[in-house]
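Q: All residue numbers in the sequence shown are consecutive under the working numbering, ending with 174.
Below is one structure. I have some questions about it.
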Amino acid sequence: MRFDRSRVARVALAIAGLLSAPATARADWTAAAFLGHAATRPSTITLTQPDRQTQVEIAGVTYRGESFRSPQYYGVRLTWIPDGRWFGVEGEWIHAKVFAETQRAVRVRGTLAGAPIDASRPLSSVVQRLAMSHGLNFLLANVIVRREFGPAGAGGTRRIAVVARAG
Numbered sequence: 008m009r010f011d012r013s014r015v016a017r018v019a020l021a022i023a024g025l026l027s028a029p030a031t032a033r034a035d036w037t038a039a040a041f042l043g044h045a046a047t048r049p050s051t052i053t054l055t056q057p058d059r060q061t062q063v064e065i066a067g068v069t070y071r072g073e074s075f076r077s078p079q080y081y082g083v084r085l086t087w088i089p090d091g092r093w094f095g096v097e098g099e100w101i102h103a104k105v106f107a108e109t110q111r112a113v114r115v116r117g118t119l120a121g122a123p124i125d126a127s128r129p130l131s132s133v134v135q136r137l138a139m140s141h142g143l144n145f146l147l148a149n150v151i152v153r154r155e156f157g158p159a160g161a162g163g164t165r166r167i168a169v170v171a172r173a174g
């Protein structure tokens with residue numbers, strides 16, 4: 008499946024049109040969907056394969072996100088704010104993905120194929136492919152604080168809001 012920029016542009020334009028329409032009532036519930044880019048910090052991996060006499064710690068593994076290649080990095084959020092309040096709660100689900108950069112050198116320590124090792128070598132010499140691309144999902148519960156600014160519209164709501172979340 009390939010990335011269709013025109014489809015994303017049409018969806019973004021439709022969402023922008025809906026968001027620019029004047030509000031007539033204050034809603035307690037808000038639903039949101041988003042696309043984005045994930046940046047993943049380097050990590051240490053422990054590889055255990057008893058049948059191959061392998062137990063190694065691989066340090067300094069770096070990743071690429073490929074956030075805009077199918078399936079995209081995306082998330083959905085459902086927020087509830089009591090009417091007239093400045094705080095609320097929300098649930099959030101994020102689908103992320105990362106791929107190890109196997110051509111890069113990493114530090115390998117332990118036992119590899121029955122032989123002791125403590126060396127810097129390409130990750131591909133130990134692991135040919137390491138990907139978390141399907142099923143890397145996060146389910147989050149957040150508390151949010153919202154402060155609205157600007158002149159009030161016809162329904163009494165303001166057009167600008169600053170939101171902070173923690174969860």
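From the three backbone atoms N, C-alpha and C, an ideal C-beta is built for every residue, glycine too.
1. I'd like to know if the segment 65 to 77 and the segment 118 to 126 are in contact, where contact means that at least 3 CB-CB pairs between them fall below 8 Å.
2. Within the same chain, show all residues whose beta-carbon is closer than 8 Å to that of tyrosine 81, passing over the 5 residues directly before and after it, in chain order.
3. Restricting to Cα atoms, I'd like to know which of Ala112, Val15, Ala45 is closest to glutamate 73.
4. Is it right to say threonine 51 is buried, meaning 16 or more other beta carbons lie within 10 angstroms of its own, or is it exposed?
5. Quick one: residues in its chain with C-beta nearer than 8 Å to the C-beta of leucine 130, no 5 flanking neighbours on either side, listed in chain order?
6. Nearest by alpha-carbon distance to valine 206: which of Gly117, Ala19, Phe94, Ala38 is it?
7. Can you tell me where the beta strand (DSSP E) holding aspartate 125 begins and where it ends?
A: The answer reads as follows:
1. Short answer: they don't touch.
2. What you label residue 81 is simply residue 74 of the sequence shown in a count that begins at 1. Residues Ala40, Phe41, Leu42, Gly43, Ile101, His102 of the same chain have their beta carbon placed closer than 8 Å to that of tyrosine 81, with the five preceding and five following residues left out of the count.
3. The count along the sequence shown starts at 1 and reaches residue 73 at position 66. The shortest C-alpha separation from glutamate 73 is found at Ala45.
4. Counting from one through the sequence shown, the residue named residue 51 turns up at place 44. So threonine 51 counts as exposed.
5. Here residue 130 is taken as the residue at index 123 of the sequence shown, counted from 1. Correct list, in chain order: Ile65, Val68, Ala107, Glu108, Thr109, Gln110, Arg111, Ala112, Val113, Leu137.
6. The question about residue 206 has no answer, for the chain in this structure spans 8 to 174.
7. In the sequence shown, the residue the question calls residue 125 occupies position 118. Membership of aspartate 125 in the beta strand (DSSP E) is indicated by the continuous run 122 to 129.
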